[in-house]
Amino acid sequence: MCGRYASFKQAQDLADVFDVTQVAEEVASLRPSWNVAPTQDVLIVVERLVDAEGRIAGHEGSGEAEGPRRSMEVARWGLVPHWAKDPSVGNKMINARSETVAEKASFKAPLKKNRCLVLADGYYEWQAPESGKGPKTPYFITRSDGAPIAFAGLFSWWRPKDEPDADWLCTTTILTAAAEGEMRELHDRVPVILEPADIDVWLDPTVTDPAEALAVLGTGTPDLTWHEVSRDVNTPRNNSAELVEPVAS
């Protein structure tokens, strides 16, 4: 699973890597974090069809779709389905199992039309001691090539049904899969990390067949590396670059 990660690169640097053409104003207020926790605001990348004036196709006042536009947005981590009565539902939806995501009521609609990338520099996982007793050991996991990570994600918009004038809340979740190889030594689940060749399909708003979208999740995982880090990361309020530094075993 993925319950904590780091995201500290500059937004414009990430925009260049992921071919983003528009960065939302809210992105500027999001500070780098070495300890991103559920319910916090995070960076996502989405792609939508827009009309000739740059307005999102299908929205009131928009014209005929002219083509896609890839943008960087801010979302709260923990997906809140549009039909939820309370946003606290999202606290339990920070991850979605890729094997069953197409079957779950909370994720079926976003899988068809609201897929995204959740951007990170690395993520944390906790390894249980062999004896099964005692504290778990945290590790920081990154791509071996040093590139930023693109988690396969879903997003959704929510606002109270009885408050039509309330602001919309954008929320997101990260897909997970069964761990393979040496990663199983840390945990039996891992977040799904997309390779550059698969990102275009995952974000393509014209791909509405869940099977076609999910097919890119099984094309391979990038080489990853990891090292033990301080247990200071266990506390979300701790947030500094030292959290990702290796410590002696």
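Heads up: the sequence shown is residues 265 to 513, going by my numbering. Here a beta-carbon is modelled for each residue, glycine too, at the ideal position from N, C-alpha and C.
Residue 312 counts as buried, since no fewer than 16 other beta carbons sit within 10 angstroms of its beta carbon. With respect to residue 455, residue 407 sits apart: the two C-beta atoms are not nearer than 7 Å. Here residue 448 is not near residue 440, since their CB atoms are 7 Å or more apart.
466 is the residue among 435, 466, 489 and 488 whose C-alpha sits nearest the C-alpha of residue 482.
Around the beta carbon of residue 271, 16 or more other beta carbons lie within 10 angstroms, which makes this residue buried. Within the stretch 270–357, the complete beta strand (DSSP E) runs of at least 3 residues fall at 297–300, 305–314 and 331–341.
Looking at the DSSP output, residue 406 shares a beta bridge with 489. For a cut-off of 8 Å, the C-beta gap from residue 469 to residue 345 is around 20 Å, too long to register as a contact. Leaving aside the five residues that flank residue 435 on each side, the residues in its chain whose CB is nearer than 7 Å to its CB run, in chain order, 339, 340, 342, 343, 344, 354, 419, 420 and 422. Of the candidates 279, 275, 302 and 282, the residue whose Cα lies closest to the Cα of residue 295 is 275. Measuring C-alpha to C-alpha distances from residue 512 to each of 268, 375 and 492 identifies 492 as the nearest. Burial state of residue 285 is exposed, judged by a 10 Å Cβ sphere holding fewer than 16 other Cβ atoms. A direct Cα-Cα distance of roughly 32 Å separates residue 365 from residue 495. Excluding its 5 nearest sequence neighbours in each direction, residue 461 has C-beta neighbours in its own chain below 8 Å: 483, listed in chain order. If you check the CB distance, residue 266 and residue 387 come in under 7 Å. Within the stretch 405–477, the runs of alpha helix (DSSP H) that reach at least 4 residues and sit entirely inside it are, in chain order, 460–467. The C-alpha of residue 457 lies about 34 Å from the C-alpha of residue 425. Taking the Cα positions, residue 376 is about 21 Å away from residue 307. Residue 381 is positioned such that its CB atom lies no closer than 7 Å to that of residue 314. With a beta-carbon spacing of about 13 Å, residue 384 and residue 358 fall beyond the 8 Å limit used to define contacts.
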